[in-house]
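See below for the structure under consideration.
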Amino acid sequence: MLWKKILAVAVVTGAMLLPALAEQPQVAMYGYHSEVTVFWDPAYSFSNEIIWMHNVYETLLRYDPFTDQFQPVLAEGYERSEDGLTWTFYLRRGVKFHTGREMNAEAVKGAIERTISLGKGAWYIWDAVESIEVVDDYTVAFHLKYPAPMDLTVAACYSAFIFDPAYDHDWYLQGHDSGTGPYTIERFEGNTLMVLEKFEGYWGGWEGNHFDKVVFKTVPSPSTLRLMVESGQVDIAYQLPVSDIQALKDNPNVRIVHTPSFQNLLALFNTQKPPLDNPLVRRALAYTIPYQDVIQGVLAGYGRQARGVVPYGLWGWSDRVKQYTLSLETAKLLLSEAGYPEGGFKLLLTYVSADENERRVAELWKSQLAKLGIELEVRGMPWDSQWELGQAPDPTKRQDIFLFYWWPDYAHPHSFLSAMFQTEEEIVFNLCYYSNPLYDELITRAAELAGIDRAESINMYVEAQNVLMEDVPGVSIYDMEYVRAVNAKLQGYVDNPAYPHVVWWYNCWRG
Amino acid sequence: MGGRLSYGLRLAGRNPLTLVGLTGVLVLGLIAAVAPWIVPYPQDCRGATDVGEQFQPPSLRHLFGTDELGRDVFSRVIYGARISLVVGIVTIGLALAIGVPLGVIAGYSGGLVDEVIMRVTDTFLSFPSLLLAMAISAMLGPNLRNAMVAIAISWWPWYTRLLRGEAISVKEREYVAAARAMGASWARVVFRHVLPNSMVPVIIQASMDFGGVILTCASLSFLGLGAQPPIPEWGLMISSGRTFFLTSWWIVTFPGIAIFLAVLSFNLLGDGLRELLDPKVRRRMLR
Chain A
-1 MLWKKILAVA VVTGAMLLPA LAEQPQVAMY GYHSEVTVFW DPAYSFSNEI IWMHNVYETL
59 LRYDPFTDQF QPVLAEGYER SEDGLTWTFY LRRGVKFHTG REMNAEAVKG AIERTISLGK
119 GAWYIWDAVE SIEVVDDYTV AFHLKYPAPM DLTVAACYSA FIFDPAYDHD WYLQGHDSGT
179 GPYTIERFEG NTLMVLEKFE GYWGGWEGNH FDKVVFKTVP SPSTLRLMVE SGQVDIAYQL
239 PVSDIQALKD NPNVRIVHTP SFQNLLALFN TQKPPLDNPL VRRALAYTIP YQDVIQGVLA
299 GYGRQARGVV PYGLWGWSDR VKQYTLSLET AKLLLSEAGY PEGGFKLLLT YVSADENERR
359 VAELWKSQLA KLGIELEVRG MPWDSQWELG QAPDPTKRQD IFLFYWWPDY AHPHSFLSAM
419 FQTEEEIVFN LCYYSNPLYD ELITRAAELA GIDRAESINM YVEAQNVLME DVPGVSIYDM
479 EYVRAVNAKL QGYVDNPAYP HVVWWYNCWR G
Chain B
777 MGGRLSYGLR LAGRNPLTLV GLTGVLVLGL IAAVAPWIVP YPQDCRGATD VGEQFQPPSL
837 RHLFGTDELG RDVFSRVIYG ARISLVVGIV TIGLALAIGV PLGVIAGYSG GLVDEVIMRV
897 TDTFLSFPSL LLAMAISAML GPNLRNAMVA IAISWWPWYT RLLRGEAISV KEREYVAAAR
957 AMGASWARVV FRHVLPNSMV PVIIQASMDF GGVILTCASL SFLGLGAQPP IPEWGLMISS
1017 GRTFFLTSWW IVTFPGIAIF LAVLSFNLLG DGLRELLDPK VRRRMLR
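Chains as they are written, first to last, in this note's numbering: chain A, -1 to 509; chain B, 777 to 1063.
Right, dumping it as structure tokens:
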């Protein structure tokens, strides 16, 4: 009788265990250094929340900057008219919003019009749009004021989400969503925790390996985050100090993923204040930056020296653009020509005080300038104060060198070339106070050509960058690589720098 | 004089901790005085960098290792003594220069003048001193000079309070009354008779405050509101090395030890001085 008892117990426990084994939900976790949610409304999301929003909301197209190709998402295909003024998108059929309604041309029009009418976040990417036409249930056409690359616009990282337009701001603030994506909000805690669960009716289906839930958690301390990656609690960690990355390299449980990003560090020169109002002095300074020491010593090799202003990997980058290298001899010659053979002047550099990489770059640069008799005062300031000083009414009261990062609102070189270097009546980001009509003309024409003739547009952007390299209103020092520590078992993860820090969890699984 | 000195030393000898403090302060002063000539890598204290040498652990070549920009931590810690001492002297001097005249005037004059001075003092005292120093430093713009001004501004009220109390009791003494009776001017009475005889507690307090000021300055620099890179200030060194604590412990540990030793020395010395100069304690010690 005993064996019968044992069998019975085994069957019962087995029956209890089996479903537990089978239904164990697969949960992924993303450790992020800062708040995971700043804005709740997809129409004007403009901050960290894109790391989860891109899993809840989708765009018409998705852009792959490495191949310069577009992947169909909510649009299965699109056409551009000969004059570049009409773009027609053919929508995917049978897509449901999480609210239960169907995603169709009417909804796309409504969502984009709501984004434009709110006028917040990155809504200006739709600037070229004159009107949106519902051709039929699954066809939507954009009529433009001037030719613009709408494929890039609809694939933008911000303000291009297609959501159910029937809801307003307050509804989103309560923690609801109205996307079409594979995941939907399960619960959240303030702005430091977001839990997504899978949306059963997702158009892509749930065949194969997928996570059932995804957790986004704020982990402000880098050392805690490092321990969480090492123990496998976190599948992906963003922004660990370089020294921790070096230490994690040899850990078999962790994989280090590094990808060229569209973020670069720039030094903008005050072209309105002596001695940097003299282009010779500015060119001399471009020869004093220890580019290689910065990349090895500050970035531990995770980055590359910038060429021009457009970052490597983004269209508009070209090896036809001039690149400066460290050469104190050349700098000295240029300084002598400008009337400063022994240096003898003082410059003020400002940076964001909490940013250790910026500080180190400034200190390395300072030690080079000291050899030429130039004293660099390095001043760390909160961002608000740094920016305020940069906008002081009297240009001679402003800093001499403004150190900061730039990254694009959408994958377009115009984002880099216009905001910082185009003539500005009121100073916003042209913190070199540069104004060159020839340059302004070049980039305006290049932007207009971008939607019609990409190759010619690139040629003009290259020419514009060479104008900058000649006048040197500023120097881009390096193009960053995004470095992430990833659970070695995580499969399917590809970093796409056009969508900074976004992981499409639907494409990932644990092997 | 000789008799007084040996008497002082004999008293000090009864409290060995005072001697430890005194020795520490003297060593610190000596190091600060000769720092530029004794450090092995003087250029590293003035902002030179060498990326090829970064993150070297302590060795004979680099006693305390090197930091994230390849600078010798030993040289920078030694040089930092000079900065901390200057900060201490300047800040305390500044705080005394504001606090002492106000305190003696308030104490001696009494009445409305006393009321006004003391209510202003109370206003300053109502803020936690580090918070006030942070606010002032942020307002003036962060650098070492402004940090010293900021700390002095948050520090002087203590001296005013202390001196006022002492001046109130001193002004009732007979020698003050005598000076007044002989027709001495107000200023002469205040600054020649009342002030010198009320200074003892303030001097004791000031010597004890040295440690506190050094610590506050390091805190401000740590928060980015004091010394700016590449000045080898201890607090700043800890701040810039903290992200490497798990991998390169020496960058933050040695400046930390330096702050600890400096503050401890000044506190021990201040404690000892209080015992030496306080007649009640002194009598007990000699019994």
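Glycine included, each C-beta is placed from N, C-alpha and C at the ideal position.
{"Query": "Option in N485(A), G509(A), P145(A) with minimal Cα separation from V127(A)", "Result": "P145(A)"}
{"Query": "Of the residues T178(A), S129(A), V193(A), the one placed nearest R185(A), counting alpha carbons only", "Result": "V193(A)"}
{"Query": "The segment 168 to 175 of chain A in contact with the segment 24 to 42 of chain A per 3-pair CB rule at 8 Å", "Result": "yes"}
{"Query": "Exposed unless 16 or more other CB atoms sit within 10 angstroms - verdict on A304(A)", "Result": "buried"}
{"Query": "Chain-ordered neighbours of V376(A) on chain B, where CB pairs are closer than 8 Å", "Result": "Q1004, P1005, P1006"}
{"Query": "At least 3 beta-carbon pairs within less than 8 Å: the segment 465 to 479 of chain A vs the segment 429 to 445 of chain A", "Result": "yes"}
{"Query": "Same chain, Cβ closer than 7 Å to Q237(A), five either side skipped, listed in chain order", "Result": "H31"}
{"Query": "Whether L916(B) touches A926(B) by CB criterion (8 Å)", "Result": "yes"}
{"Query": "For A139(A), the residue or residues it bridges with in DSSP", "Result": "T86(A), E131(A)"}
{"Query": "Alpha-carbon to alpha-carbon, A486(A) and T178(A)", "Result": "30 Å"}
{"Query": "Cutoff 8 Å: S32(A) Cβ touching any chain B Cβ", "Result": "no"}
{"Query": "C-alpha gap between L58(A) and A164(A), whole angstroms", "Result": "19 Å"}
{"Query": "Beta-carbon neighbours of T825(B), restricted to chain A and to distances below 7 Å", "Result": "E361, L362, S365"}
{"Query": "Beta-carbon neighbours of P273(A), restricted to chain B and to distances below 7 Å", "Result": "Those within 7 Å of P273(A) in chain B number zero; the least Cβ separation is about 21 Å."}
{"Query": "Burial state of G342(A) (16 or more Cβ within 10 Å)", "Result": "exposed"}
{"Query": "Spatial distance of I441(A) from H412(A) (CA atoms)", "Result": "7 Å"}
{"Query": "Chain A residues whose Cβ lies nearer than 8 Å to that of T794(B)", "Result": "The contacting residues do not exist; T794(B) stays about 40 Å from chain A at best."}
{"Query": "Test: Q294(A) CB closer than 8 Å to a CB of chain B", "Result": "yes"}
{"Query": "G1002(B) (DSSP reduced to helix, strand or coil)", "Result": "coil"}
{"Query": "CB contact below 8 Å: D398(A) versus chain B", "Result": "no"}
{"Query": "A245(A): contacting residues in chain B (beta-carbon distance under 8 Å)", "Result": "L1022, T1023"}
{"Query": "Three CB pairs or more closer than 8 Å across the segment 820 to 835 of chain B and the segment 877 to 889 of chain B", "Result": "no"}
{"Query": "Pair within 8 Å by beta-carbon distance, L370(A) and A409(A)", "Result": "no"}
{"Query": "Boundaries of the beta strand (DSSP E) in which R482(A) is found, first to last residue", "Result": "472 to 485"}
{"Query": "Local Cβ density within 10 Å of E131(A), reported as buried at 16 or more and exposed below that", "Result": "exposed"}
{"Query": "Distance, L362(A) Cα to T269(A) Cα", "Result": "23 Å"}
{"Query": "Pairwise C-alpha distance: W1026(B) and L878(B)", "Result": "45 Å"}
{"Query": "At least 3 beta-carbon pairs within less than 8 Å: the segment 950 to 962 of chain B vs the segment 1011 to 1021 of chain B", "Result": "no"}
{"Query": "For A417(A), the nearest candidate out of H141(A), D166(A), C506(A), Y122(A) (CA to CA)", "Result": "Y122(A)"}
{"Query": "Neighbouring residues, chain A, relative to E844(B) (Cβ below 7 Å)", "Result": "R358"}
{"Query": "Proximity winner among T84(A), A444(A), L387(A), relative to K143(A) (alpha-carbon distances)", "Result": "T84(A)"}
{"Query": "Span of the alpha helix (DSSP H) around M101(A)", "Result": "Careful: M101(A) lies outside any alpha helix (DSSP H) and carries neither H nor E."}
{"Query": "Where Q69(A) falls: helix, strand or coil (DSSP)", "Result": "strand"}
{"Query": "7 Å Cβ shell around L1001(B) - same chain, five flanking residues per side excluded", "Result": "M910, S913, A914, P918, A923"}
{"Query": "Within chain A, the residues that Q832(B) reaches when beta carbons sit closer than 8 Å", "Result": "Correct list: empty, because the minimum Cβ distance to chain A is about 13 Å."}
{"Query": "Three-way DSSP call (helix, strand, coil) for K395(A) in this model", "Result": "helix"}
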